[in-house]
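Accompanying notes for the structure given below.
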Amino acid sequence: MNELTKKIRLIFWPMVKLTILVIVGLSFLHWLLFIVGNLPVREDVYLFFLPLAVPPVAVFFILRPRLKQLQFKQDKMLDFYCALFSIAMIVPTMIAQNYLDKALGKLTTLEDITQVDKEPKSKYYTVNRYHLDTKKVGWYTEIKASGKSSYDLYFRAYAVFPIVKRYSDQPTTDHTYWLGVSYQRNTGNPKNDLQLNMIYQRFIREVQHEFKGTNFRSFTFLEGLDKAKDRGKYAAALANAGHANVDEVLVFKPHVEHFDSRIQNHQLLWFFVSLGLAFALCFALVFLLN
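Numbered according to the numbering used here, the sequence shown spans residues 1293 to 1582.
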């Protein structure tokens, strides 16, 4: 057996099997616990953090002992190879979970929005009869800095307004079902607080003008945001609207595209491309191992 064949059997094939096992295993848990079981966990836990954490653990306990058999001259090189193998596994795993979340999300048709609580939990909904009360809107805004030396500023605004069965003049605190929309702009770091305030006020005017000019009745389906990572931002907007029991409120994101368009063909393509690149990277690393 030549040296390359030995390394392929010792490292490459176990890496391929481990990658497939991690993707299939996480996908099954995703489906069982979060889609069928509907565990009340924020979506970024199973769409981002689990795909980010599981591959390095799998590499450490399964591939690292095999890599050690090659007797690296420096431990840093061993850690470097483990890191590259982990990254190669993380990317297709993360893409697979995001695709699965959209592909298996169930669409439920409601005669009116109050039937949400009477139907099995679903990710997506269509509503036949409803009224949107855009006069009872609540806003929440935030500014975040990013980049080196906080060079870029990101302005985000979150708006919520009730969706009801029919028009009523009931107070804001009595509404249970709301639509939530968000807006984002970015700009360079202002020179002083005065310039920052001017940019912020312009942002507020722009998003409020965009909000007033939007026909929200044109939505084709709604997406439940009870697990969204931005759920807390919408809750803050609800609080600013005067709603005291934000934990009992259901917030939905309106979509205007066709329901089938939520799953774009390139997402599945990117999964297979990333998986192929991951295997190619792993083979190259194995080939270069001394």
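C-beta: ideal position from N, C-alpha, C; glycine also.
The stretch 1488-1561 contains, as complete beta strand (DSSP E) runs of 3+ residues, the segments 1513-1516, 1542-1547 (chain order). Within its own chain, the residues whose Cβ lies closer than 6 angstroms to the Cβ of K1525, once the five positions on either side in sequence are excluded, are Y1432, Y1450, listed in chain order.
Pairing R1358 with I1303 gives a Cβ-Cβ distance under 8 angstroms. Rounded to the nearest angstrom, the gap between the Cα atoms of A1570 and M1381 is 7 angstroms. According to DSSP, residue pairing for A1451 in a beta bridge involves W1431, V1473. Taking the CA atoms as reference points, F1575 sits about 22 angstroms from A1388.
Counting every other CB atom within 10 Å of its CB across the protein chains shown gives H1501 a total below 16, marking it as exposed.
DSSP links L1399 through a beta bridge to Y1416. If you ignore the 5 residues before and after I1455, its C-beta comes within less than 6 angstroms of the C-beta of I1405, Y1422, L1424, Y1469, L1471, all in its own chain and listed in chain order. Looking at the DSSP output, G1480 sits in a beta bridge with D1444. Spatial neighbours of R1448 in its own chain (CB-CB distance under 6 angstroms, excluding positions within 5 residues in sequence) are listed in chain order as E1434, Q1476. Exposure of V1316 is indicated by the presence of fewer than 16 other C-beta atoms within 10 angstroms of its C-beta.
The Cβ atoms of E1335 and K1519 sit closer than 8 angstroms to each other.
Nearest neighbour of P1348 by Cα position, chosen from D1409, K1299, Q1361, L1310, turns out to be L1310.
T1418 is the residue among T1418, F1564, K1398, A1572 whose C-alpha sits nearest the C-alpha of V1548. Within the same chain, Cβ atoms closer than 8 angstroms to the Cβ of K1457 are found at D1404, I1405, T1406, R1421, Y1422, H1423, the five residues on either side in sequence being excluded.
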